[in-house]
Each structure stands twice: as structure tokens, then as C-alpha cells.
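> Take the sequence shown: its position 284, counted from the start at 1, is 297 in the numbering used here, and no numbers get skipped.
I have a structure I would like to understand better, so I am pasting it below and will then ask my questions one at a time.
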Amino acid sequence: MKITQLTILDAIVTSTSLKQAAEKCHKTQPALTMAMQKLEEEVGFTLIDRTGYRLKLTQAGERFYKQAKRVLTSCDELSKISSTLALGYEPKICIAYEQLGGDARINQLLGKIIQQFPSTQFEILGGSRFKAIEKLAKGEVDIGIGPWFDIFHASGDFQSIELKPIEVILVASPKILPNKKSALLSSELDQIPSLTLKPSELPFDDDKLSFAKGSQVVMVEELATLRSMLLQGVGWGLAAKHFCSDELASGELVQIDLIDGEDQFRSELRAFRSNSSFYGPVATAIWQGLKGLYHDK
């Protein structure tokens with residue numbers, strides 16, 4: 014059994030088609046098929062159910078893949094450790110930084126760290142709706158920055174740093190509200206479309222988390238689109254107060270007061286990382302910098 018076989022298995026499981034898996038591995042589809050057949054011969058049981066339209070793991074294959082994923086993660090960690098020990102610093106750092114977490118202090122800190130370690134390549138990924146914790150859970154990034162909820166612990170063994178509180182409110186353009194009034198009953202709110210960010214791939218994130226119960230739901234990918242559609246009066250939505258403070262001040266958006274229900278929520282902006290990963294001097298410098306970033310709040 015070879016690591017390349019496990020890598021191919023992982024590509025097949027995480028891809029929507031054999032063609033996509035082949036592209037990930039830079040191999041032909043027949044080469045992937047042969048590699049999986051050889052792996053199945055070595056382990057002595059069928060890993061992949063080929064009877065349906067899409068390839069999927071057998072029950073035994075699911076148990077095998079879970080362990081194989083741990084092996085691949087360990088190999089990645091070993092490679093990271095080796096590179097760091099050889100160079101004295103990480104050759105690459107990847108950070109998931111959600112749009113909602115956009116903050117001048119964080120930007121200044123990252124700029125300082127980037128200048129401090131000129132030989133390290135930095136990759137900063139954006140996204141919305143739990144994308145930071147999703148990418149961290151998948152092992153795609155070293156550090157995540159975004160809204161934090163305790164339910165995130167169900168997705169992995171994480172440690173986190175509280176940066177600052179986030180106040181979440183209901184907002185809409187006054188032109189879409191009945192008689193332009195901001196105090197509404199739930200039944201009145203239900204008559205207006207609800208704008209929401211598309212759920213992530215995390216197991217707990219689905220329609221059940223939606224605040225809208227009776228409204229028509231319009232899902233969007235990015236916060237910028239959400240903001241634009243709110244301003245156009247397409248519907249109402251949940252938004253961090255700091256994210257739309259300028260629009261609230263100008264009157265382009267108003268805060269909705271729900272007469273017969275809860276209309277304000279609190280969350281936290283946090284930085285988070287895995288408890289089981291190795292961190293070199295660059296990641297450590299970022300983490301320590303984030304720890305002291307809001308000590309004067």
C-alpha cells in the first residue's frame with residue numbers, strides 16, 4: 014500500500030466525478046481505476062461501490078477512508094515540519110479570513126507579519142458563512158478568522174482566541190417595509206423575502222439554522238451581494254451591525270424591531286486553529302499577535 018494510492022482514494026471521495034479526481038491527481042481516468050483496483054486487491058475487500066451513477070464508498074470503504082484520511086493528514090504535517098526545520102520558517106502560510114471579520118487591526122497585523130517574514134508565501138482566503146472554520150476543519154488552512162459559535166467544536170478539536178463581540182441585527186431598506194415602518198410583527202416580516210448566505214458544507218449548517226421561518230428565502234454566495242440586494246430592497250436579512258453601520262447611519266438601511274420575537278443576537282469574532290497541528294515561527298507570530306490585538310478593548 015502506497016501513499017499515492019490513498020491520495021487517489023481521497024481525490025475520488027472528495028470529487029464530483031472520476032474526471033475531476035483525475036484532474037486533481039494529474040492522471041488519466043483509467044490510471045485512477047487501475048490504482049483503486051490494485052488497492053482493493055491489496056486490502057482484500059471492495060472500497061468503492063460502482064453500481065450507481067456516481068462512485069461512492071462501501072460501508073467498509075468508509076471505515077478504511079476515515080483511517081486513510083488520518084494517515085494523509087499525518088503525512089502533510091510531517092512534510093510541513095520537515096520544511097520548517099530545514100528552512101527555519103514555514104515556506105507557506107494559509108489563512109481563512111471571512112469578509113465579516115474584516116478589521117483594520119487584523120489587516121495591520123497581517124501586513125506587519127508579511128513584512129517580517131519575506132521568504133514565506135502568504136495565501137489569504139475570503140468567504141462567508143462559516144467558510145473559515147470549514148476550511149480549517151478540512152485542513153486547508155493554518156488559521157481561521159471569523160464569527161465563532163460553540164457548535165464549531167463538533168467539527169474538530171480547535172483552540173480559539175476571542176477578538177471582539179459581534180452584534181447581529183435584522184435590517185432592510187425602508188422602501189420594502191410596509192408603510193416604511195421598522196417595528197414589525199413576525200407575520201408582517203414573513204411577507205417579505207429573506208436574504209441569507211448559502212449554507213456551508215459543515216454537517217450542522219443547514220436550513221434549520223435559518224432565522225426565516227415563513228418568508229421566501231433568497232440565498233446568495235457573498236456578503237457583497239447580500240449588501241447590494243439589501244440596499245436595492247429585494248428583502249430583509251441578518252447582518253452584523255458593524256458591517257452595515259454606514260448604511261444605517263445614512264438611512265439606506267434600517268434596523269428592524271420585531272414586536273413579538275427576538276431581533277438581536279450576539280456572536281464573537283475569533284481566530285481559531287487546530288489543536289493537533291504543528292505551528293512554526295510564522296504561524297506562532299500571527300497567533301501571538303492576534304492574542305494581544307484587542308487587549309485594550
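Glycine residues also receive a C-beta, built at the ideal position from the N, C-alpha and C atoms.
Does the stretch 271 to 282 come close enough to the stretch 173 to 186 that 3 or more CB-CB pairs lie under 8 Å?
Counting Cβ pairs under 8 Å, three or more are found: they touch.
> In chain order, what residues of the same chain have a beta carbon less than 6 Å from the beta carbon of G139, not counting five sequence neighbours either side?
Within the same chain, G139 has close Cβ partners Q112.
> Tell me the start and end of each unbroken beta strand (DSSP E) in the stretch 224 to 297 that is at least 3 residues and wholly inside, in chain order.
Here the runs fully enclosed are 230 to 233, 249 to 253 and 277 to 287.
> Since K105 is in the beta strand (DSSP E), which residue starts that stretch and which ends it?
It spans K105 to Y110 - the beta strand (DSSP E) in which K105 sits, taken as one unbroken run.
> If V230 sits next to S200, beta carbons under 8 Å apart, how far is it from one beta carbon to the other, in whole angstroms?
In fact, because the Cβ distance is near 17 Å, the residues do not count as touching under 8 Å.
> So I126 and G302 are in contact, right, with Cβ under 8 Å, and what is the actual spacing, rounded?
Yes, they are in contact, since the Cβ atoms of I126 and G302 sit about 7 Å apart, within 8 Å.
> Quick one: residues in its chain with C-beta nearer than 6 Å to the C-beta of A24, no 5 flanking neighbours on either side, listed in chain order?
If we look at A24 and ignore the five residues flanking it on each side, its Cβ neighbours are A34, K37 and C38.
> With which residues is P178 paired in a DSSP beta bridge?
For P178, which the question treats as bridged, DSSP gives the partners E281.
> Excluding the 5 residues flanking P191 on each side, which residues of the same chain have their C-beta closer than 7 Å to its C-beta?
Only E201 meet the Cβ criterion.
> Less than 7 Å between the beta carbons of I94 and F291, yes or no?
Yes, they are a contact pair.
> Under three-state DSSP, which class holds S30?
In this structure, S30 counts as coil in the three-state DSSP scheme.
> Does DSSP classify D62 as helix, strand or coil?
It is a strand residue.
> Let me know if G57 comes out buried or exposed under the rule of 16 or more other beta-carbons within 10 Å of its beta-carbon.
So G57 counts as exposed.
> Just the C-alpha distance for S173 and R286, rounded to the nearest angstrom, thanks.
Roughly 6 Å between the two C-alpha positions.
> Looking only at its own chain, which residues have a Cβ that is under 6 Å from the Cβ of F165, when we skip the five neighbours before and after it?
Correct list, in chain order: I146.
> Can you give the Cα-Cα distance for G65 and A150, rounded to whole angstroms?
G65 and A150: Cα-Cα distance of roughly 29 Å.
> For R67 and Q42, what's the separation of their Cα atoms in angstroms?
Approximately 14 Å between the Cα atoms of the pair.
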